[in-house]
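Participant: In the working numbering, the protein residues as written are 597 to 707. Cβ coordinates follow ideal geometry from the N, Cα and C atoms, glycine included. Here it is: the structure, laid out below.
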């Protein structure tokens with residue numbers, strides 16, 4: 597038993613390519629303002645803050661490496677604060693998830 601296959605025909609459509617490029621241009625035109633806004637307001641400040649975290653800032657900038665991070669992790673007040681945040685997270689996330697599931701089931705069963 598032999599199977600035969602039909603030869604595949606490719607149809608070239610030059611109009612499709614023209615509309616694809618115009619759609620791409622309009623998509624880039626719509627996305628570009630957001631990308632510029634994101635870079636200027638979020639990405640650049642994060643990079644600058646990360647760079648500053650390795651420096652001692654006073655009248656001049658002095659590179660101190662990881663000394664700032666070591667000072668923070670050796671501070672008992674930071675450890676206490678971090679522990680409190682973990683306790684609050686451990687309590688609030690499950691409660692929030694349970695309430696969200698409860699209301700989702702409640703809204704879904706009302707239909």
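I'd like the list of long-range same chain contacts for residue 657, defined as Cβ closer than 6 Å, with 5 residues on each side in sequence excluded.
Facilitator: The answer, listed in chain order, is 651.
Participant: Where does residue 650 sit, in a helix, a strand or coil, going by DSSP?
Facilitator: Correct three-state label for residue 650: coil.
Participant: Are the CB atoms of residue 674 and residue 668 nearer to each other than 8 Å?
Facilitator: Cβ distance < 8 Å, so residue 674 and residue 668 count as in contact.
Participant: Is the distance from the Cβ of residue 649 to the Cβ of residue 664 below 8 Å?
Facilitator: Yes, Cβ-Cβ distance for residue 649 and residue 664 is below 8 Å.
Participant: CA-CA distance, residue 678 and residue 624?
Facilitator: Approximately 42 Å, taken between the alpha carbons.
Participant: Where do the N-terminal and C-terminal ends of the beta strand (DSSP E) with residue 669 fall, by residue?
Facilitator: Element bounds for residue 669: not the beta strand (DSSP E) but the alpha helix (DSSP H), 663-670.
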